[in-house]
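Engineer: Under my numbering, the sequence shown has 433 at position 425, and the numbering climbs by one with no breaks.
Even for Gly, the Cβ is constructed at its ideal location relative to N, Cα and C.
Can you keep this structure in mind? I'll have questions shortly.
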Amino acid sequence: MLRWIRQQLGFDPPHQSDTRTVYVANRFPQHGHYIPQRFADNRIISSKYTIWNFVPKNLFEQFRRIANFYFLIIFLVQLMIDTPTSPVTSGLPLFFVITVTAIKQGYEDWLRHKADNEVNGAPVFVVRSGSLVQTRSKNIRVGDIVRVAKDETFPADLVLLSSDRVDGTCHITTASLDGETNLKTHFSVPETSVCQSVSQLEALQAVVECHQPEADLYRFVGRITVTKHEEEIVRPLGPENLLLRGARLKNTKEIFGVAVYTGMESKMALNYKCKSQKRSAVEKSMNTFLIIYLVILLFEAILSTILKYAWQAEEKWNEPFYNQKTEQEKNSSPILKFISDFLAFLVLYNFIIPISLYVTVEMQKFLGSFFIGWDLDLYHEGSDQKAQVNTSDLNEELGQVEYVFTDKTGTLTENEMQFRECSINGIKYREVNGKLVPEGMTEDSPDCSTTHLMSEETLFLKAVSLCHTVQISYDQPDCLVGDPFSHANGFSSNNMEYYASSPDEKALVEAMKRIGVAFTSIRGDAMEIKSFGKLEKYKLLHVLEFDPNRRRMSVILQTPSGGQVLFTKGAESAILPFTTSGEIEKTRLHVDEFALKGLRTLVVACRHFTPEEYIDVDKHLTAARTALQQREEKLQEAFSYIERDLHLLGATGVEDKLQDKVQETIEALRLAGIKVWVLTGDKHETAVSVSLSCGHFHRAMNILELLQQRSDNECAEQLGRLARRIKEDHVIQHGLVVDGASLSLALREHEKLFMDVCKNCSAVLCCRMAPLQKAKVVRLLKTSPEKPITLAVGDGANDVSMIQEAHVGIGIMGKEGRQAVRNSDYAIARFKFLAKLLLVHGHFYYIRIATLVQYFFYKNVCFITPQFLYQFFCLFSQQTLYDSVYLTLYNICFTSLPILVYSLFEQLVHPHVLQSKPALYRDISKNSLLSFGTFLYWTLLGFCHAFVFFFGSCLLMGEDTTLMGNGQMFGNWTFGTLVFTVMVITVTLKLALETHFWTWMNHFVTWGSIAFYFIFSLFYGGIIWPFLHTQDMYFVFVQLLSSGSAWFAIIIIIIICLFPDIIKKVMFRHLKPTSTQKSQSLSAPQAQALSCVESLCCYQHGQSGCSRLAHLLEQMTGQCKASINNCHASSRSNRSWNDTENFYSNDRSILTLSPIEANLC
């Protein structure tokens, strides 16, 4: 029970040691004082809350927000002291915001609970008490032997004990973990593979020792000790023995495995860890504005308090005859009274801080994120994949990107490899119709047949056919039915298909098959190839796995003649330094030539062992692989010991095709003012060639190089030379190429100089980059003094650190797994979709939320400033101007929906225009719409409108108060209601003026909000509500509307407020238009519609009813006539419009109807 409570509260028991001991079938030792280790149960918990901690945890998270916490304090102040407004005025909006957010988060968490329960309640079979017992997944314990059947997912991390195959192997797919659709082979140790029945497994005496749980999916270090006939046999365990939770069993009838990591300790669950929270520039600006408004609030409260006491310094105002002080008031402390009055004014003005801003922004981001997934232009038909949003918190950041960091392979290229050329023994060959043709010869030449290849050439082909981890399937695996990449990952010939985690390996094995050396079978440790029709069998002795540090992989084989040979392949920098024989210089030259053509290169070498050498090698490998401590380091030492004194065989060149429209996308980003950096692990020549072909570098660009720097001084000198060259060269654009080694030196001592050089280059290419170096480069730009917004895009696991480091991370749904997609903020299927994601969606999201934030502050200034001004007319007695219900509902009901709908649908410019004119992206860069100047404009506009509301009502109503329809005088509540009515209508119409793209929903919420205010006020003031303590507003609104003077005042004040705004818009549009306003006149395909005013006065059969007013409004708003035939410009002249005339397709600055298609008129 105590353990359950600890888990509910989020406390996990700490592990006492670095390793764990798992007794298979929970057969614990019977002798000695054995204390069993405690392990987590097998329940998966992806939810954030429990029924016990939801309320306190959710409230704690919500009150961490400045506005929520501020309103909580105000609410408590209202409860504790006598304040001019009811606690309900602060409490109800706060309760509404907290409740809406809690319901949203609670519902999302309930869905997670529901999904968890489905997983935890799934039926599984476990070996217990000598028989198979069906139980639920959550009941699996560490040490249980679990049976998994074909096509089932593994319910925990299992060490494979046996399968229905004689060799104890099984095939799995990890598509749900990393997206790799290829089949992977996993192995059991020989001592347990024979236990294929329940009775044999029950009798098995074995102990697994392994490391404590860790998140790395591809790392597992352990050993299994099997006791047979009182003899202990120790075998090493690695990733190839571990079946991960979430993976699926394929092409194998059933397997048995022992659970070693369960529940939240499984590798899949450990990868659930939350990414660091990213905050957008808009959110930071919003918090800055909140602090400024908090300062304004404190200033108004302090000023009002001081003026109150200054006014009361006169005897007649301190204690007037009609308001005598009580004894308690006379004897109260002046300091306490001052504090009490200050808090009362604070409460009175507190609505200047918009509490509903956060919830509106959250709803806007959440609902707006669906547009990305719904966009058919971001849908890739070939792979049946649409764009994916993993976080909606950064939508507007897509419109602020200044630097794009992109991977090359799989991001700019297709990651579909085609074998093109190779170099064997210093001679270049190319593949032509399944034949290797030497350079300078044709396919028909008599000496080019592959059957006449020398032994050296044949050995090269065999090495490529055998040095890999490719799997073969002889039937179509059902895991790939309907899979979008099945064609790309599977090679079918005579019902034999190759599957490889690396596209390079697959392309090379397929090419060797076409040439005549076909890899035909792998069963356990037996590998078969058919070399020009002759079957050869090899025994696989060891696999030296690929890793990013060595950049090579090797296999040790026993040849048909009985000898031992090592075949190795990898990057030329990882192979050539360890070669001692072969055509080294010629091959190096050929590799450089391949790279210049944009081909991916691999170098192939071999080493023949004597029997004594192999015994020594086997001893080193076995010792390293059975080590529990520092296994990786010992394996690296062993690999380095083995992979030396190599004989160079040759090199291969594989082509990776560019993705569609990469060049156009990079050019569009450049025109938008975005600098593109390519960060790749490829060699320098290959990377430069691809950069030129994709338009990242262009021929007219001056290419600068920072390569092969060996010391800090040498690096500093080269950077200085590059900086001087940039200043001296009169070239418009420079490009920089830097390699990983030089970059390490530059970042260590010369960051500032390096950054100066980079910022003066329009394109930067970093090659030979390690994953952490990619992240370091992004961090360097991110933290530079200018603080630019960065975006990283990649498709592989090596790009994850870069994606997480950047302000915005984009994952490409490629063929290198789904780790990049899982760790990204957004995911797209192709690089070309990045243009629309930034130039259109980013543009829209930014202008929408920028206007939303500033409009919120504007309408709250309009709301509370008249309350502040009113205190000058009521001796600072803290009398409220508005009724408490109006105070409560202003932000919740009367003005909330129009801005929310605006922030979802607004389009300043048509999407086609934004894509065709990328330079429009520059107009919104550097957070320009939320600059301090724009913020100041909206704030001052709010104060100006508030002054007009208040003093306009005073002037129109102050001289003659007997303006009611029944002859009664205006009162306090009537005056306040007049100000409030003018304010609600004006702020709503102000948003209508800002709206350029009108839909039926905009019309509905705009006019509906005004109508709702009138209807609500009539009902609220027209009925005596029994549950209200006081009803000051009874019949006030009805009497106000019965006065013609009041209607006159409403209309005049609204015109006074909005007319200067209209004039300003017209003047700026005609005299100093921005590029965005100019672009609004561009006709977009399929976007032609009647101008807003014409849509109001266009009758059937094209007859026009436009009046002079219509033409005047057309000119004021800058709208030209739409190109629609059979419609006439005016009632006086029947002029037909032609298709060449410009029109403002989406610019609707005056109250309008939704667009009407041309053929409807």
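(1) What residue range is occupied by the uninterrupted beta strand (DSSP E) comprising Ser463?
(2) Which of the three DSSP states is assigned to Ala255 in this structure?
(3) Using 8 Å as the cut-off, can you tell me whether the stretch 217-226 makes contact with the stretch 141-159, which would need three or more C-beta pairs spanning the two stretches below that distance?
(4) Report the option in Tyr269, Leu80 and Trp319 whose CA atom is closest to the CA atom of Phe881.
(5) Three Cβ pairs or more, each shorter than 8 Å: is that satisfied between the stretch 577-585 and the stretch 608-620?
(6) Going by CA-CA distance only, name the one from Glu370, Glu308, Ser207 and Thr260 that's closest to Ser288.
(7) Quick check on DSSP: helix, strand or coil for His194?
(8) By DSSP's criteria, Lys146 is part of a beta bridge. Which residues make up the other side?
(9) Taking its Cβ as the centre, do 16 or more other Cβ atoms sit within 10 Å of Lys795, making it buried, or is it exposed?
(10) Could you have a look at Val409 and say whether DSSP puts it in helix, strand or coil?
(11) Following the continuous beta strand (DSSP E) through Phe710, name the residue where it begins and the one where it ends.
(12) Do Arg428 and Glu439 have their C-beta atoms closer together than 8 Å?
(13) Please work out which residues of its chain come closer than 8 Å, Cβ to Cβ, to Asp720, disregarding the five sequence neighbours upstream and downstream, and give them in chain order.
(14) Please report the distance separating the alpha-carbon of Leu365 from that of Leu949.
(15) Answer with buried or exposed for Ala1019, where buried requires no fewer than 16 other C-beta atoms within 10 angstroms of its C-beta.
(16) Could you give the DSSP three-state label for Leu889: helix, strand or coil?
(17) When you compare the CB positions of Cys1170 and Ser750, do they come within less than 8 Å of one another, or not?
(18) Suppose you measure from the CA of Ile711 to the CA of Ile53; what does that come to, to the nearest Å?
(19) On a CA-only basis, which of Phe1005, Tyr929 and Leu938 is nearest Gly407? Give me that one, please.
(20) If distances are taken between C-alpha atoms only, which option among Val215, Tyr57 and Asn34 comes closest to Val242?
(21) Run through the stretch 744-799 for me and flag every whole beta strand (DSSP E) of 3 or more residues, listed as ranges in chain order.
(22) Considering only the alpha carbon of each residue, which of Ser348, Leu386 and Val909 lies closest to Arg856?
(23) For the candidate residues His851, Thr399 and Tyr894, whose alpha-carbon lies nearest to that of Glu914?
(24) For the 8 Å Cβ check, are there 3 or more pairs between the stretch 348-359 and the stretch 76-92?
(25) In this structure, what does DSSP give as the bridge partners for Asp555?
(26) Between Phe983 and Thr1084, what straight-line distance do the alpha-carbon atoms span, to the nearest angstrom?
(27) Measure the C-alpha to C-alpha separation of Lys1171 and Val772 and round it to an integer number of angstroms.
(28) Just to confirm my understanding: we take Gly728, look at its own chain, exclude 5 residues before and 5 after, and list those with CB closer than 8 Å. What are they?
(29) Am I right that Val132 and Pro95 are in contact with their C-beta atoms under 8 Å? What's the rounded C-beta distance?
(30) Judging by CA-CA distance, which residue of Ser770, Ala635 and Glu641 is the nearest neighbour of Leu679?
(31) Measure the beta-carbon distance from Leu245 to Arg231 and round it to whole angstroms, keeping in mind my assumption that it falls under 8 Å.
(32) Label Arg560 either buried or exposed according to how many other C-beta atoms from any shown protein chain fall within 10 Å of its C-beta, with 16 as the threshold for buried.
(33) Could you check how far apart the C-beta atoms of Val266 and Leu169 are, in whole angstroms? I think they sit under 8 Å.
(34) Give the range of the alpha helix (DSSP H) segment to which Phe1012 is assigned.
(35) Going residue by residue through the stretch 68-150, where are the continuous alpha helix (DSSP H) segments of at least 4 residues, counting only ones entirely within it?
(36) Which value, in whole angstroms, describes the spacing of the CA atoms of Pro619 and His628?
Structural biologist: Judging by the given coordinates:
(1) Element bounds for Ser463: not the beta strand (DSSP E) but the alpha helix (DSSP H), Ser463 to Leu474.
(2) coil
(3) no
(4) Trp319
(5) yes
(6) Glu370
(7) Correct three-state label for His194: strand.
(8) According to DSSP, which records beta bridges pairwise, Lys146 is partnered with nothing at all.
(9) exposed
(10) In the displayed model, Val409 falls within coil according to three-state DSSP, outside both helix and strand.
(11) Looking at the sequence provided, one finds Asn at residue 710 rather than Phe. From DSSP, the beta strand (DSSP E) with Asn710 extends over Asn710 to Leu714.
(12) yes
(13) Leu753, Arg756, Glu757 and His758
(14) The alpha-carbon atoms of Leu365 and Leu949 are separated by roughly 19 Å.
(15) exposed
(16) Under the three-state reduction of DSSP output, Leu889 falls in the coil class, being neither helix nor strand.
(17) The question about residue 1170 has no answer here: the residues shown for the chain are numbered 9 through 1169.
(18) Their backbone Cα atoms lie some 53 Å apart in a straight line.
(19) Tyr929
(20) Val215
(21) For the beta strand (DSSP E) assignment, the uninterrupted runs of no fewer than 3 residues enclosed by the stretch 744-799 are, from N- to C-terminal side, 771-775.
(22) Val909
(23) His851
(24) Cβ pair count under 8 Å is three or more, so yes.
(25) Asp555 is bridged to Arg560.
(26) 42 Å
(27) Outside the displayed span of the chain (9 to 1169) sits residue 1171, for which this structure offers no information.
(28) Contacts found: Leu761.
(29) Not really, about 55 Å apart at Cβ, beyond 8 Å.
(30) Minimum Cα distance to Leu679 is reached at Ser770.
(31) Their Cβ separation, rounded to whole angstroms, is 6 Å, which keeps Leu245 and Arg231 in contact under 8 Å.
(32) buried
(33) Between Leu169 and Val266 the Cβ distance is about 6 Å, and since that is below 8 Å, they are a contact.
(34) Its alpha helix (DSSP H) spans residues Trp1008 to Gly1030.
(35) 74-88 and 95-128
(36) 14 Å
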